[in-house]
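Residue numbers (the numbering used here), protein chains in the order written: chain A, 85 to 295; chain B, 85 to 295. All C-beta atoms, glycine included, are put in the ideal place defined by N, C-alpha and C. Every value quoted in this text rests on a predicted model; they were computed, and no experiment measured them. These notes are about the structure you will find just below.
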């Protein structure tokens, strides 16, 4: 069955949605189907303005290539988040490490949402390949997906979309439930649980022993 | 002085905002400055879903290359318009034949807005080069701007942004007022006047005699 998804990614000044800020948002809305079928419907990328006086830490600029001056004249976070959520609309939201990205989006809006329809490709990677590294770069490498310019939002979105098309099929073939599933582990504890999420606890070692 | 603009373009099923529908929206937000300086901040392009039962007329598909099936799974017009207006935010809105594009955007929202800050590159072309053809393709050609794939929204936006950077400077050098100015003429009557617009009536022949 084909489905409509909006894959998105944010870049930020740091990891904490309560004290850090979004610097870039990208999203692709697409129809996804069997055999890696992807039909793009639209895409959105924007820098996001920081609150007055806030700057991007040098180590983050080193990681992402995004400089404070790049954000001059950009939409503020509230506008950018509303734009991307309006763009996504009723489609299924997909992100790699979805709880992280959505915590920033919902943080900006000051509210969560009662009902969600999402998929986290990081959780899918853990569920499908429990003994492998579930980060975006190594997961893409395993599946032969090019990831150039990692940590620029649109590059990550393009890779995540391809990854989703592959992992979705693998999960369905194996009867693995992944809709609205997030993964918690001691190694990488969940810092935010999206409303309506199904939390699976997986420990790499333990999983290895069981498998 | 540099300024922040959001250049946008829509494609539609026809010319009448009351009976026709948006099929595609594209926008680029950018900082524009003297000497054709352009720094892109973000860009947004999406197909837009049609109401049930509506199809794109064959002659429009011929013009734009956009087919009814391309719009499957796209955001509806209300969501797409809200997304692009949130993205544009406080920036100056720019379009080639702005009254046409904004009539569709405001038509979808069911409201206009009290205060606008916009520029119409078609009006600017008429004001700067009163004897020339002010349509997008010939105006771009005069200024050496590439316009590939005219009538796909993002292509038109890219060309319009470059055109704006040039015409703005020419208008300012010549002391021509263009902010919020729209042009009305017998040859091409205004069908929609954006709230707050300054209407200039220009007839090509008459202008020629005067000049």
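Same chain, Cβ closer than 7 Å to residue i, five either side skipped, listed in chain order
| i | result |
| --- | --- |
| residue 237(A) | 93, 94, 95, 108, 109, 110 and 129 |
| residue 218(A) | 206, 209 and 210 |
| residue 158(B) | 130, 131, 132 and 133 |
| residue 277(A) | 183, 266 and 283 |
| residue 232(B) | 239 |
| residue 241(B) | 91, 92, 93, 110, 111 and 112 |
| residue 227(A) | 247 and 250 |
| residue 262(B) | 203, 207, 208, 211 and 255 |
| residue 145(A) | 151 |
Residues of its chain near residue i, where Cβ-Cβ distance is below 8 Å and the 5 sequence neighbours each way are ignored
| i | result |
| --- | --- |
| residue 212(B) | 251, 254, 255, 258 and 260 |
| residue 121(B) | 86, 115 and 249 |
| residue 138(A) | 97 and 105 |
| residue 147(B) | 235 |
Same chain, Cβ closer than 6 Å to residue i, neighbours up to 5 away in sequence not counted
| i | result |
| --- | --- |
| residue 246(B) | 229 |
| residue 127(B) | 112 |
| residue 180(B) | 205, 206, 220 and 244 |
| residue 88(B) | 115 and 175 |
| residue 106(B) | 94, 96, 132, 161 and 188 |
| residue 186(A) | 278 |
| residue 98(A) | 104 |
| residue 101(A) | 187, 188 and 191 |
| residue 90(B) | 111, 113, 172, 175 and 177 |
| residue 169(B) | none |
| residue 268(B) | 274, 283 and 285 |
| residue 281(A) | 264 and 266 |
Beta carbon proximity, residue i to chain A, threshold 8 Å
| i | result |
| --- | --- |
| residue 291(B) | With a pLDDT of 45 at residue 291(B), under the threshold of 50, the predicted position of this residue should be treated as unreliable, though the coordinate-derived value follows. No, residue 291(B) lies away from the interface with chain A (no Cβ there is under 8 Å from its Cβ). |
| residue 135(B) | no |
| residue 159(B) | yes |
| residue 88(B) | yes |
| residue 156(B) | yes |
| residue 121(B) | no |
| residue 130(B) | yes |
Cutoff 8 Å: residue i Cβ touching any chain B Cβ
| i | result |
| --- | --- |
| residue 127(A) | yes |
| residue 166(A) | yes |
| residue 152(A) | no |
| residue 113(A) | yes |
| residue 163(A) | yes |
| residue 275(A) | no |
Closer than 7 Å: residue i CB and nearest the ligand COA heavy atom
| i | result |
| --- | --- |
| residue 223(B) | The ligand COA is absent from the structure shown, which contains no ligand whatsoever. |
Beta bridge counterpart(s) of residue i as assigned by DSSP
| i | result |
| --- | --- |
| residue 163(A) | In DSSP, residue 163(A) forms no bridge with anything. |
| residue 246(A) | For residue 246(A), which the question treats as bridged, DSSP gives no partner whatsoever. |
| residue 91(A) | 112(A) and 178(A) |
| residue 126(A) | 113(A) and 130(B) |
| residue 203(B) | 178(B) |
| residue 96(A) | 106(A) |
| residue 265(B) | 282(B) |
| residue 121(B) | 117(B) |
Using 8 Å as the threshold, is the segment 144–159 of chain A in touch with the segment 169–177 of chain A, meaning 3 or more CB pairs across them?
no
Positions along the segment 170–190 of chain B whose CB lies within less than 9 Å of some CB in chain A:
170, 171, 172, 173, 174 and 175
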